[in-house]
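Novice:
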Amino acid sequence: MRQYQPIWIKLKSMPLKDAQVKGVSVTANALLHPRILKAVVKEKWLDLGYKIQTDPRKTILTHEIKHSVITFRLHYQINTIGKDCI
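Below, the structure written as structure tokens:
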């Protein structure tokens, strides 16, 4: 298991409402914040099974930084790209 994969696994396994409101918080030194952000975004990008599982919906990963705490949240929206192009 990769180092930051547990953050993504916990976030995607949360109920929809909790993932949008609570999210997953991580405390780290401010110098490590860019690395953590990049790694969690990469974990989401690599998770092809999750993308297929949530196919009609698009998942958006957001974050909020307050001092040394990073809070990741997952938002869902209906994917409407391509329906109007035909």
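Under numbering that gives the first Met the number 0, the sequence shown has 64 at position 65, and the numbering climbs by one with no breaks.
Built from N, CA and C at the ideal position, the CB exists for glycine as well.
Using 8 angstroms for Cβ pairs, my map puts residue 45 next to residue 62. What's the rounded Cβ distance?
Specialist: Not quite, the Cβ-Cβ distance comes to about 18 angstroms (not below 8 angstroms), so this is no contact.
Novice: How would you write the range of the alpha helix (DSSP H) that residue 49 sits in, first residue to last?
Specialist: 47 to 52
Novice: From residue 86 to residue 56, what does the alpha carbon distance come to, in whole angstroms?
Specialist: For residue 86 there is no data in the structure shown, the boundaries of the chain being 0 and 85.
Novice: Quick one: what does DSSP say residue 2 is sitting in, helix, strand or coil?
Specialist: coil
Novice: Using DSSP's beta-bridge definition, name the partner residues of residue 23.
Specialist: 71
Novice: Identify, in the order they occur along the chain, each residue of the same chain with its Cβ nearer than 7 angstroms to the Cβ of residue 43, setting aside the five sequence neighbours on each side.
Specialist: 7 and 60
Novice: Can the beta-carbon of residue 19 be found less than 8 angstroms from the beta-carbon of residue 72?
Specialist: yes
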